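These protein sequence lines map, in sequence, to chains B and R.
Note that my numbering has the first sequence beginning at 30, numbered continuously upward.
Note that my numbering has the second sequence beginning at 30, numbered continuously upward.
Following: one structure in structure tokens, then a few remarks.
Number of protein chains: 2
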Amino acid sequence: MQQQVITELKRLVGAQYVMDQLEDRICYSFDATFRDFPPDVVVKPGNVAEIAAIVKLAGRYNVPITARGAATGLSGGAVPVKGGISLVLTRLNKIIDIDTANRVAVVETGVITQDFVNAVTQAGLFYPPDPASAKTSTIGGNIAECAGGPRGVKYGITRDYVLGMEVVLPDGSVVELGNKFDSEMAGPDWGMLLVGSEGTLGIITKIYLKLVDKPSAKQTLLAVFTSLDDAARTVSEMIASGTIPTTLEIMDNLTICAVEDYLKVGLPVSAEAILLIEVDGSTKAIVKQAEHVIKVCRQCGATEIQTASTPEDIDKLWQARRAISPACGKINPTKISEDATVPRSQIPAMVRRLREIAQKYNLKMVIFGHAGDGNLHPNILSNKHDHEEMERVEQAVAELFKVALELGGTLSGEHGIGYMKAPFLQWETGETGFAAGKTIKKVIDPQGILNPGKLFNA
Amino acid sequence: MQQQVITELKRLVGAQYVMDQLEDRICYSFDATFRDFPPDVVVKPGNVAEIAAIVKLAGRYNVPITARGAATGLSGGAVPVKGGISLVLTRLNKIIDIDTANRVAVVETGVITQDFVNAVTQAGLFYPPDPASAKTSTIGGNIAECAGGPRGVKYGITRDYVLGMEVVLPDGSVVELGNKFDSEMAGPDWGMLLVGSEGTLGIITKIYLKLVDKPSAKQTLLAVFTSLDDAARTVSEMIASGTIPTTLEIMDNLTICAVEDYLKVGLPVSAEAILLIEVDGSTKAIVKQAEHVIKVCRQCGATEIQTASTPEDIDKLWQARRAISPACGKINPTKISEDATVPRSQIPAMVRRLREIAQKYNLKMVIFGHAGDGNLHPNILSNKHDHEEMERVEQAVAELFKVALELGGTLSGEHGIGYMKAPFLQWETGETGFAAGKTIKKVIDPQGILNPGKLFNA
């Protein structure tokens with residue numbers, strides 16, 4: 030990169046917010062995936078005007094820009110695969126407004142999701158999306174990758190809460206897209222183009238989010254199964270029976286054993302699977318819902334069911350779910366976390382096929398995830414320095430995506446496409462859909478400066 | 030139009046589905062707005078392959094195509110303002126699948142909304158969007174205009190139920206956009222570009238729709254107010270208090286009198302306003318909700334409250350709401366139905382400003398609408414043959430839009446932009462937003478053959 034770019038960047042945002050030393054560049058070279066791509070320079074703008082100026086500058090010098098929130102992504106969206114500028118958005122961290130009368134919040138892109146959730150809760154309302162990364166990740170990143178979380182089954186995913194946004198387009202112009210409140214609808218919902226666009230179409234700087242009622246009570250249940258098939262069947266039976274729990278999480282035997290080994294809390298290590306189910310609503314409604322959940326679990330073969338109603342007991346049941354990532358990290362250093370999603374009715378079939386794939390390629394695979402909306406997280410536990418094993422991992426991952434699509438599913442429920450799944454995207458979109466995506470990218474970003482090498486790889 | 034186009038159209042879809050006689054063209058020249066634009070030819074294709082072929086043909090001969098469902102639109106979206114082909118989609122009327130396990134329905138574009146709602150209800154689930162036109166309008170039209178309805182306040186609008194769709198693009202290629210189930214999210218949600226696009230970006234041929242739980246009970250309440258301000262304030266207080274009714278409809282005194290004159294059912298003609306409020310949920314929950322609704326209404330000055338729980342009584346209360354359109358039609362022949370929407374907290378201010386506008390231009394204006402989500406329908410009752418009056422109407426409409434935008438609102442909550450509001454769209458989008466809309470239209474439809482003269486007028 031030309032020194033002139035760095036000099037101009039320093040003039041635009043102040044020298045203390047521009048970093049080009051090797052050690053800085055390494056710090057911004059990775060996210061939660063396993064490859065490193067150092068940017069040429071790291072810039073931390075403080076407001077939308079600075080971002081617009083940086084984008085214009087990048088256009089003049091034809092330098093790639095990759096936007097970055099907290100870089101907790103699992104598909105590589107925030108990693109600058111073609112170098113250039115890493116645009117760190119964490120200084121834009123103001124919660125501008127929580128408008129309880131209109132149930133709309135306005136936040137800057139770099140607000141930490143959990144900080145926002147807490148502020149909304151304090152205002153007496155509820156923002157449901159709850160990606161596992163919430164304590165670290167930013168709202169802007171959640172939207173760029175369309176994050177989900179356990180509550181997706183009942184409340185939907187990030188997409189369902191985005192009303193509108195302020196965006197810096199690739200030519201440096203600043204536009205407001207979408208809507209500022211829920212009932213607004215004048216023309217196409219351009220804002221939706223940015224949801225899941227992974228920083229390839231514009232830099233999201235401010236967001237209008239929909240808020241909903243806070244449920245007054247919740248209850249958590251843990252159901253134990255001696256057959257993984259039974260657990261998977263419980264999920265589809267539960268939804269078909271008309272009761273939508275707030276969360277419906279599955280953990281298979283390998284996951285249970287890994288977590289028990291890590292936490293030592295007395296999980297049923299001989300169980301083939303457990304389901305972690307939460308219901309919410311009014312105090313009366315949850316009693317009825319919980320009864321129904323227990324009935325369906327028993328009918329499908331659950332051998333044991335624990336329930337929890339106090340915050341402490343609920344927290345204890347969730348502890349196991351939250352410990353999956355660190356527990357798996359203890360087993361093998363490299364955790365390839367996949368995100369293939371299938372229609373809920375296909376969960377039993379998907380689980381069977383995943384186990385066949387793990388066996389075929391002789392890989393350690395834990396299966397867990399948001400079973401309630403078909404969003405499974407098969408995680409392959411491996412070692413990135415074992416090249417022979419990594420080759421088998423690659424083959425297994427490709428096969429896993431093929432199976433998901435074959436079952437009517439998708440490459441991604443909530444992790445995005447990034448650089449990791451870009452090679453497979455055409456399987457899902459088809460040739461025409463892929464070409465259409467490339468065309469739209471080309472029009473909006475003719476120079477291709479925004480996050481090259483992701484999504485449509487354009 | 031060249032005779033050759035008509036000959037080729039007949040070859041493509043069969044002569045009985047191509048009409049070019051004056052009387053046919055007149056029948057397809059209008060919708061629920063008040064101007065007529067006859068197409069050069071009317072075509073009724075039977076499947077997506079025929080539609081793709083027609084679009085390619087239109088491209089070759091550079092002939093405009095305006096898609097049309099039932100043409101119940103209130104902004105002129107389905108009217109062929111530049112002539113050319115009126116593409117009537119009503120033969121694509123199959124409900125392909127109602128998948129209760131995955132809570133997804135797949136329908137062809139020309140399915141009548143109410144037929145679809147009935148089929149979903151019979152399958153034990155619920156499709157909430159309920160535009161007033163539901164008995165006539167088509168699902169494809171609902172999506173192209175992003176229709177809403179009274180239930181929007183609790184359940185959201187059509188946009189919130191669209192998962193994905195099959196679309197014929199302006200070059201005649203057929204693509205699947207968006208998602209087939211709720212938790213799918215691979216790349217940007219292109220499908221959302223088509224929602225509210227009014228046939229300017231593609232012809233929607235098949236749609237994937239999200240279904241939800243059917244509430245087990247409902248209760249309807251009618252609250253009478255001696256002050257319109259009090260009624261408007263009740264709406265914002267109700268939402269802010271944390272109870273979201275299923276519907277929250279307002280009718281002002283002129284509306285009440287018009288309906289009473291038409292129906293003679295004993296409506297309170299001296300009331301300044303009534304609110305029609307419905308709550309739904311479990312049998313127990315609605316009792317609590319109704320109590321709360323009554324409390325808020327009384328606190329805000331309601332002088333009388335009627336309640337209804339049986340289907341017959343509920344229907345009686347709704348009769349008045351449903352009769353507004355025919356009742357107004359009896360007063361003056363031309364009903365200019367506007368759709369400006371403001372944040373809920375601004376309803377009292379908007380109602381005051383609307384009354385000032387009516388007075389200033391000496392016009393008969395009834396105010397009613399989906400107050401719960403800020404979507405008011407000020408209707409100006411006039412006579413299109415009285416040119417002096419129509420000039421005042423035009424000025425009043427422009428002022429009404431200005432006020433809505435000034436209060437943080439929008440030109441359209443559910444009626445779309447069409448040709449009617451196209452001249453005002455730039456006020457809402459700003460110059461950059463408008464230019465962006467024009468650019469995207471130009472890329473997707475470089476020849477401009479799809480519904481020219483609407484939205485971005487490109």
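Glycine included, every Cβ here is placed at the ideal spot set by N, Cα and C.
The structure displayed is predicted, hence computed values, not measured ones.
Residues bridged to residue i (per DSSP)
i	result
residue 205 of chain R	R:195
residue 277 of chain R	R:306
residue 492 of chain B	Only positions 30 to 487 of chain B appear in this structure, which leaves residue 492 of chain B out of reach.
residue 239 of chain B	B:133
residue 167 of chain B	B:141
residue 335 of chain R	R:251
residue 127 of chain R	R:134
residue 154 of chain B	B:242
residue 407 of chain R	R:396
residue 364 of chain R	R:410
CA-to-CA distance, residue j to residue i, given in whole angstroms
i	j	result
residue 60 of chain B	residue 160 of chain R	46 Å
residue 404 of chain B	residue 50 of chain R	54 Å
residue 336 of chain R	residue 247 of chain R	11 Å
residue 189 of chain B	residue 384 of chain R	36 Å
residue 418 of chain B	residue 301 of chain B	26 Å
residue 271 of chain R	residue 306 of chain R	15 Å
residue 295 of chain R	residue 392 of chain R	26 Å
residue 461 of chain B	residue 365 of chain B	30 Å
residue 183 of chain R	residue 311 of chain R	15 Å
residue 394 of chain R	residue 342 of chain R	29 Å
residue 142 of chain R	residue 240 of chain R	14 Å
residue 252 of chain R	residue 332 of chain R	7 Å
residue 466 of chain R	residue 473 of chain R	11 Å
residue 438 of chain B	residue 179 of chain B	18 Å
residue 406 of chain R	residue 344 of chain B	48 Å
residue 147 of chain R	residue 77 of chain R	25 Å
residue 187 of chain R	residue 158 of chain R	6 Å
Residue i versus the options, residue with shortest Cα-Cα distance
i	options	result
residue 454 of chain R	R:437, R:430, R:115 and R:243	R:430
residue 372 of chain B	B:401, B:391 and B:387	B:401
residue 433 of chain R	R:379, R:32 and R:105	R:379
residue 450 of chain R	R:425, R:209 and R:105	R:105
residue 250 of chain R	R:152, R:334 and R:452	R:334
residue 291 of chain R	R:252, R:348 and R:233	R:348
residue 138 of chain R	R:443, R:80, R:178 and R:89	R:80
residue 470 of chain R	R:228, R:107 and R:171	R:228
residue 234 of chain B	B:31, B:167 and B:185	B:167
residue 488 of chain R	R:314, R:185 and R:192	The first residue shown for chain R is 30 and the last is 487, placing residue 488 of chain R beyond what the model contains.
residue 482 of chain B	B:148, B:110 and B:35	B:110
residue 67 of chain R	R:54, R:257 and R:77	R:54
residue 127 of chain R	R:369, R:112, R:436 and R:136	R:136
residue 32 of chain R	R:158, R:90, R:484 and R:52	R:90
residue 140 of chain R	R:163, R:132 and R:152	R:163
residue 282 of chain R	R:254, R:293 and R:275	R:254
Contact set for residue i: own chain, Cβ-Cβ below 7 Å, skip 5 residues either direction
i	result
residue 525 of chain R	Absent from the structure is residue 525 of chain R, since the part of chain R shown begins at 30 and ends at 487.
residue 219 of chain B	206 and 207
residue 194 of chain R	206, 207, 220, 223, 233, 235, 236 and 237
Residue burial classification, residue i (beta-carbon count within 10 angstroms, cutoff 16)
i	result
residue 414 of chain R	exposed
residue 150 of chain B	exposed
residue 299 of chain B	exposed
residue 389 of chain B	exposed
residue 416 of chain R	exposed
residue 130 of chain B	exposed
residue 327 of chain R	exposed
residue 64 of chain R	exposed
residue 226 of chain R	buried
Close-in-space but distant-in-sequence residues of the same chain around residue i (CB under 8 Å, 5 per side omitted)
i	result
residue 83 of chain B	38, 41, 42, 72, 74, 94, 114 and 116
residue 242 of chain B	154 and 155
Sequence-distant residues of the same chain with beta carbon closer than 6 Å to residue i, five excluded per side
i	result
residue 238 of chain R	134 and 190
residue 398 of chain R	404, 405 and 406
Proximity test, Cβ basis, 7 Å: residue i and chain D
i	result
residue 465 of chain B	Annotation note: the requested chain D is absent from the structure, which comprises protein chains B and R.
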